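See below for the structure under consideration.
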Amino acid sequence: MKNESDDPEKQNQQVIKCRAAVAWEPRKPLVIEEIEVAPPQANEVRIKIVATAVCRSDLYYLLENMHEDGYPTILGHEAAGIVESVGPGVTEFLPGDKVIPLFISQCRECRFCKSPKTNQCEKTW
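Using numbering that gives the first Met the number 0, you'd call the opening residue of the sequence shown number 0 and step up by one each time.
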């Protein structure tokens, strides 16, 4: 008998729980706690993060109070993971794909986006 959690279609529709380092307010320690992650919506990819780092820009956000209204938040935008599930309309990724999420948008038209240097999109910078 097939377990419901093994079925990719059912998994796609479930809220998942995981642990995250949450910043509840500026200049306070991060709190490791369990959070819920909603199923991916149209054109979204849900990624199981297997490694991440907190960089200087994250620390600036937390310690220098760059955006007071942006809390709570989960820091750590430099990550590597595995696609856990995809929403309707996603055609470029499949569950199980290894990915490096990028928080910078890409135009897919400039010379950088047409090369391996997509993180340097001319229209973003």
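We put the CB at the ideal spot given by N, CA and C, even for glycine.
Predicted, not measured: the structure shown is a model, and the values here were computed from it.
Can you tell me whether residue i is buried or exposed? The criterion is at least 16 other CB atoms within 10 Å of its CB, across all chains shown.
i   : result
A50 : exposed
I45 : The sequence given here has Arg at residue 45, not Ile. Buried is the call here.
Quick one: what's got a C-beta closer than 6 Å to residue i's C-beta in the same chain, skipping five residues either side?
i    : result
S104 : T123
D96  : V82
C112 : Q105, C106, C120
V36  : I15
So, helix, strand or coil for residue i, using DSSP?
i    : result
R110 : coil
S56  : helix
T130 : The chain is shown only over 0 to 124; residue 130 falls outside these bounds and no answer can be derived.
Do residue i and residue j have their CB atoms nearer than 7 Å?
i   : j   : result
E32 : G86 : no
E77 : A41 : no
P80 : I48 : The sequence as given places Gly at residue 80; Pro does not occur at that position. A contact, by the Cβ cut-off of 7 Å.
Between which residues of its own chain and residue i is the CB-CB distance below 7 Å, once the five residues before and five after are set aside?
i    : result
N118 : L101, I103
E63  : none
message: Pairs of beta-carbons, one from the segment 19 to 30 and one from the segment 61 to 75, closer than 8 Å: are there three or more?
response: yes
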